[in-house]
Every structure is written in C-alpha cells, then in structure tokens.
Amino acid sequence: MILLFPWAVQYADGLLVHAAAEAARNASVPVTVHMDHAQTPEMIRRAADLGGFDSIMVDMSHYEKAENLALTRELVGYCHARGIATEAEPGRIEGGEDGVADTADLEGLLTTPEESEEFVATGIDWLAPAFGNVHGEYGPRGIQLEYERLQRIHAQVGDRVRLVLHGADPFTPEIFAKCIECGVSKINLNKVLNNEYVRVQREKAGKVPLTALLEEATNEMQKAVERCMDMLKSTGRYPSA
C-alpha cells in the first residue's frame with residue numbers, strides 16, 4: 001500500500017496521486033493507494049472525486065466525539081459510493097510534541113471497545129485505535145503500549161474491521177510482532193522510510209547530477225521498505241504466478 005498525505009492532492013493538481021495510481025496498476029503484485037490523515041470534509045471529497053485512491057483515512061479525530069462520529073458516517077458513505085474503502089481513528093493518537101508524555105497522560109484519549117463499536121457502526125473498513133501509540137515523539141518514559149486494550153478492541157470488532165497501527169516508526173521488531181499478535185494487520189510507516197531519502201539528499205545534494213541524486217535517494221528508500229517488509233514478514237506472501 002502506498003500512503004500519501006493530503007499534500008499530494010494539493011501539489012501539482014494531484015498529478016502525484018495519478019502517478020502513484022499508475023505505478024500501483026502496473027505492479028507485479030497487488031498494490032493500492034491510500035490517503036492518510038485527511039482531516040477536512042472538503043479534502044476527503046476532493047480526494048474521492050479525484051480518482052486514484054483506493055482508500056482514504058477519514059480523520060475527524062480533532063472534533064469532539066459526537067461530531068467525529070457524524071462526520072465520519074457521512075464521509076464514509078461518500079467514499080463508499082465511489083468504491084473507496086475507509087479508515088477512521090476513534091479518540092486521538094496524540095504525540096509527545098503536543099504535551100502527551102506517556103500512557104498515563106493519554107488515558108482520556110485511548111480507544112475503548114465500546115467506542116470501537118460506535119465507529120464500526122459508521123461503516124468504516126479499518127479502525128486505527130489509540131492504545132498508547134502516538135504520532136511524533138514519545139515522551140520521557142518511552143513507548144508504553146496497552147496490549148491488553150488492543151486485544152479487547154480486536155475481540156470486540158476484529159470480525160468486521162481490520163486494525164491499523166499508527167505512530168510505529170520507533171518500534172522494535174518485538175513490539176511489531178506483539179501488535180500483530182494482538183490483531184493489527186495494517187501498519188503505517190513514515191519517517192523510517194523517508195529518513196533514508198532525506199539522508200541521501202543531505203549528503204549528496206550539489207555533488208552529483210540531480211537525476212543521479214533522485215535515483216540514489218529512491219533506491220535507498222526502497223531498501224528501507226524492503227527491510228521493513230522483511231521485519232514484518234510480509235515479503236513473499238503474495239503467491240508467484
């Protein structure tokens with residue numbers, strides 16, 4: 001799955017989205033294009049109407065719960081009418097940069113099995129629960145995940161939706177394995193992949209031709225993707241022809 005942020009729609013009239021969709025269509029294994037963290041109704045409708053996206057994260061988590069649910073239900077219907085799968089985030093997966101330092105601080109924001117049911121009722125296909133995972137930097141106590149909470153959520157709704165893991169960039173192979181054991185089947189990765197691209201740009205910019213710079217940075221990012229696929233045991237899972 002190729003994850004794009006709303007920026008990809010705003011930049012160059014959405015041409016990046018169509019390039020990603022074309023790459024997905026031509027891949028030798030199934031590949032889909034997903035919009036991550038679309039946070040306004042306008043962006044979600046625009047992305048759904050643009051074409052190219054197979055799924056969209058309807059992220060209304062910055063609204064109060066009642067409005068979050070109402071908007072999510074409306075926008076899920078809009079996307080489904082266009083053949084687009086949807087993801088939603090109950091509660092808020094906060095980051096340390098916003099003053100949430102550890103799990104204790106997150107208690108009021110963590111997802112419950114009951115909330116999961118409410119969001120499944122909106123018609124979503126994927127659920128991104130908050131169980132101690134955060135966007136951005138983790139607080140001074142580091143990673144404090146409530147696996148038992150994740151297990152309870154999966155037991156409650158896992159027969160109807162797939163669970164998604166956000167905020168996973170600093171996780172170890174052991175943490176990933178535990179999250180998968182507890183029911184996660186979609187894992188979003190960002191910095192751990194982008195960092196390799198940025199590193200090459202920083203080291204080589206101005207020293208090699210632009211085309212060579214882009215190729216080398218892309219190759220290093222691809223290697224990072226392959227390392228993550230190996231770690232998550234998704235390499236080679238699709239049957240060969």
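In case it helps, full-length UniProt numbering puts the sequence shown at residues 1 to 241.
We put the CB at the ideal spot given by N, CA and C, even for glycine.
Because the structure is a prediction, the values reported are computed rather than measured.
Continuous alpha helix (DSSP H) stretch holding residue i: start and end
i    : result
S116 : 113-120
E137 : No alpha helix (DSSP H) holds E137; DSSP gives it neither H nor E.
R227 : 210-231
L193 : 191-204
F171 : No alpha helix (DSSP H) holds F171; DSSP gives it neither H nor E.
Opposing strand residues paired with residue i [DSSP bridges]
i    : result
A38  : V58
L4   : M35
L71  : Per DSSP, none; premise fails for L71.
L127 : A88, L163
Where residue i falls: helix, strand or coil (DSSP)
i           : result
K65         : helix
residue 243 : For the chain, the structure presents residues 1 to 241; residue 243 sits outside this window and is missing.
R152        : helix
L16         : helix
L110        : coil
R162        : strand
V29         : coil
Y238        : coil
Limits of the beta strand (DSSP E) - the one that residue i falls within
i    : result
K186 : 184-187
Residues near residue i in its chain [Cβ-Cβ closer than 6 angstroms; skip 5 each side]
i    : result
N219 : none
C79  : A48, I56, T86
Whole-Å CB distance - residue i paired with residue j, under 8 angstroms assumed
i    : j    : result
A38  : I56  : 5 angstroms
S185 : R162 : 5 angstroms
Close-in-space but distant-in-sequence residues of the same chain around residue i (CB under 8 angstroms, 5 per side omitted)
i    : result
T235 : E226, M229
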